[in-house]
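Peer 1: This is the structure I want to talk about, given as structure tokens.
Protein chains: 2
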Amino acid sequence: MPRPRSLSHARLASAALAVIDRDGLTGLSMRSVAKELGMSTMALYRYVDDRQELERLVVDLVLGTVDTEPPGPEASWQERIEVLVVRLRDAVAAHPEIVPLTVAHRHRSLAGLRWSESVLGVLTEAGFDGEQRVIALRGLLGYVIGAIQLEHLGPLAGEGTVAITELPPDAFPHMTETARNARKVSADREFLGGLALLLRGLGT
Amino acid sequence: MPRPRSLSHARLASAALAVIDRDGLTGLSMRSVAKELGMSTMALYRYVDDRQELERLVVDLVLGTVDTEPPGPEASWQERIEVLVVRLRDAVAAHPEIVPLTVAHRHRSLAGLRWSESVLGVLTEAGFDGEQRVIALRGLLGYVIGAIQLEHLGPLAGEGTVAITELPPDAFPHMTETARNARKVSADREFLGGLALLLRGLGT
DNA sequence: GAGTGTAGGCGTATGCCGTACACCTAACAA
DNA sequence: TTGTTAGGTGTACGGCATACGCCTACACTC
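First to last, the sequence lines map onto chains Z and P.
For the record, in the first sequence the residue sitting at position 25 is 25 according to full-length UniProt numbering, with numbers rising by one throughout.
For the record, in the second sequence the residue sitting at position 121 is 121 according to full-length UniProt numbering, with numbers rising by one throughout.
Given below as structure tokens:
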């Protein structure tokens, strides 16, 4: 009967993502998103309970772009998991500012659950079950979450690594030396290298 | 010449930590810490540039309690790393609410750098160097950060796991089944299990 | 076409937050 | 005793999320 809705959740989420991509996560507020959409702040509350839910929509939007179809059977299960993990990482890395949102809301995102389901499928085919399978999934999830944050909070190529170079070498001999090597390691090699360790630990 | 300082950074940090332990991270504000100390809000700014620096002090306080002395040589290098990692995790887990602060400020904390130095020492003794060593340290760091967050944001024994149990089984067959197993896996077994995967991947 | 109920949209106000700024004053050096 | 300096404070500003109440556009009934 009543007046029709003029907004969709998807449109709301993409407006919020636009704000984030333009002004960073600190620029995200109910006010800024409302302005982006050309409506009043309070109008948003007709579509969303609170700011938390808006953030959840953004996470769902981004994670929803991840292709969760596992690669074909010509690949080993390690390679298939690697592909799934890399797809997730690439989707998040396309909007680096949302990393903290992803961490906070991942477990309430349907798209995130679909990804986990897909990884579990590969693990199951590979013969994992029971506690082993739980630990494998959570281990992968933990690594992905942590590594993505490291990558965007303190990238190896960034100023943090330079700062470590300049630490007193007598108190931090290994850190200063390692930091010099670290500047030459690309983000991809770092991420894939760590993932390979985990997969090797899982493998037979 | 002038009036002496009545506060130390340590006292400031422990007051902030007390507020967090009592009222949670959302209860932390310049006002609440000032009240905890019995001074005016603005007095804090004589000791700290801004809220960020206060948070950094809290992280330093907590990470400063970690014993970074590596265990003796009767243990294998994997066991020594495990001990260091577990010490770090236990220190953070003693104040679960600071997890987000730790992630945000870890790389600016001297105590955090000392822990990394110690881990690098063990890795070096174990024969790692160059890019291998960089990747090993960052892999461990990524796992620890991610796993700690998983543990406190969505513990296996928590409601999130129960919610997954109640998902439609036709869309999430593996998730629903795995979630039933997951409830029986303790936080320790989960954390150590994932860490063991990584260490196995590192090992010869 | 007129009337009506529902829900969309908005303006205002409240109580938080971090913090800039100007002021007072305690404590030391002389 | 006095002057200097930095510690401590009160006030104020702009921004935040959001509760509440109002107005009204619209889809329906008749």
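Ideal Cβ positions, reconstructed from N, Cα and C, are used throughout, including at glycine.
(1) Would H107(Z) count as contacting chain P if we go by Cβ distances under 8 Å?
(2) Unbroken alpha helix (DSSP H) runs of length 4 or more, entirely within the UniProt domain "HTH tetR-type" (6-66) of chain P: which are they?
(3) For R89(P) and chain Z, any beta-carbon pair shorter than 8 Å?
(4) Using the rule of at least 16 other Cβ atoms within 10 Å of the residue's Cβ for burial, across every protein chain shown, is A147(P) buried or exposed?
(5) Can you tell me whether DSSP reads P173(P) as helix, strand or coil?
(6) Cβ of A187(P) less than 8 Å from any chain Z Cβ?
(7) Looking at the unbroken alpha helix (DSSP H) that takes in D90(P), where does it start and where does it end?
(8) Tell me the DSSP secondary structure of R106(Z) in three-state form.
(9) Comparing the C-beta of R22(P) with each C-beta of chain Z, is any distance below 8 Å?
(10) In chain order, what residues of the same chain have a beta carbon less than 6 Å from the beta carbon of E97(P), not counting five sequence neighbours either side?
(11) Find the residues of chain P that neighbour S116(Z), judging by a C-beta separation of less than 8 Å, and give them in chain order.
(12) How is S116(P) classed by DSSP in three states: helix, strand or coil?
(13) Just to confirm, are T178(Z) and V134(P) a CB contact at a threshold of 8 Å?
(14) What are the residues in the region 119-134 of chain P lying within 7 Å of chain Z by C-beta distance?
(15) Check the C-beta distance from Q78(Z) over to L199(Z) and give it rounded, since I have them as a contact under 8 Å.
(16) Of the residues that make up the region 52-80 of chain Z, which ones have a beta carbon closer than 8 Å to any beta carbon in chain P?
(17) Touch check for the region 165-179 of chain P and the region 162-175 of chain Z: three-plus C-beta pairs under 8 Å?
(18) From the beta carbon of E190(P), is the nearest beta carbon of chain Z less than 8 Å away?
(19) Helix, strand or coil for A126(Z) per DSSP?
(20) Give me the Cα-Cα distance between S29(Z) and G142(P), rounded to the nearest whole angstrom.
(21) What are the start and end residues of the alpha helix (DSSP H) that includes E159(Z)?
(22) Assign M175(Z) to buried or exposed, taking buried as 16 or more other Cβ atoms, counted over all protein chains shown, within 10 Å of its Cβ.
(23) Does the CB of I98(P) have a neighbour CB from chain Z at under 8 Å?
(24) In the DSSP assignment, find the unbroken alpha helix (DSSP H) run with L156(P) in it and report its ends.
(25) Can you name, in chain order, every residue of its own chain whose Cβ lies under 8 Å from the Cβ of L12(Z), other than the five neighbours on each side?
(26) Going along chain P in order, which residues have a C-beta closer than 7 Å to the C-beta of L17(Z)?
(27) Would T68(P) be called buried (16 or more neighbouring beta carbons within 10 Å of its own) or exposed?
(28) Taking only beta-carbon atoms, is A147(Z) less than 8 Å away from chain P?
(29) Taking a contact to mean a Cβ-Cβ separation below 8 Å, would you say V62(Z) touches V83(Z) in this structure?
(30) Confirm, please, whether the CB-CB distance from G194(P) to R138(Z) is below 8 Å.
(31) Which residues of chain Z have a Cβ atom closer than 7 Å to the Cβ of T204(P), listed in chain order?
(32) On a Cα-Cα basis, can you pick out the residue from R183(Z), W115(Z), L150(Z) that is closest to V162(Z)?
(33) Below 7 Å, is the gap between the Cβ of S8(P) and the nearest heavy atom of the ligand ADP?
(34) Taking the straight line between their C-alpha atoms, what separation do you get for H152(Z) and V99(Z)?
Peer 2: Let me lay it out:
(1) yes
(2) 9-23, 30-37, 51-63
(3) no
(4) So A147(P) counts as buried.
(5) Correct three-state label for P173(P): helix.
(6) no
(7) 77-93
(8) In the structure shown, R106(Z) sits in a helix (DSSP, three-state: H, G or I).
(9) no
(10) Hits under 6 Å: I20, G24, L25.
(11) M175
(12) helix
(13) yes
(14) L120, G121, T124, G130, E131, R133, V134
(15) 5 Å
(16) none
(17) Taking a cut-off of 8 Å on C-beta distances, the region 165-179 of chain P does not touch the region 162-175 of chain Z, as fewer than three cross pairs fall below it.
(18) yes
(19) coil
(20) 29 Å
(21) 159-165
(22) buried
(23) no
(24) From DSSP, L156(P) is part of no alpha helix (DSSP H); its letter is neither H nor E.
(25) Within the same chain, L12(Z) has close Cβ partners V33, L37, L44, Y47, V48, L54, L57.
(26) Going along chain P, no residue has its Cβ under 7 Å from L17(Z), so there is no contact; the nearest lies around 22 Å.
(27) Flag for T68(P) reads buried.
(28) yes
(29) Pairing V62(Z) with V83(Z) gives a Cβ-Cβ distance that is not under 8 Å.
(30) yes
(31) Residues of chain Z passing the Cβ test: none, with the nearest at roughly 11 Å.
(32) R183(Z)
(33) The ligand ADP is absent from the structure shown, which contains no ligands of any kind.
(34) 8 Å
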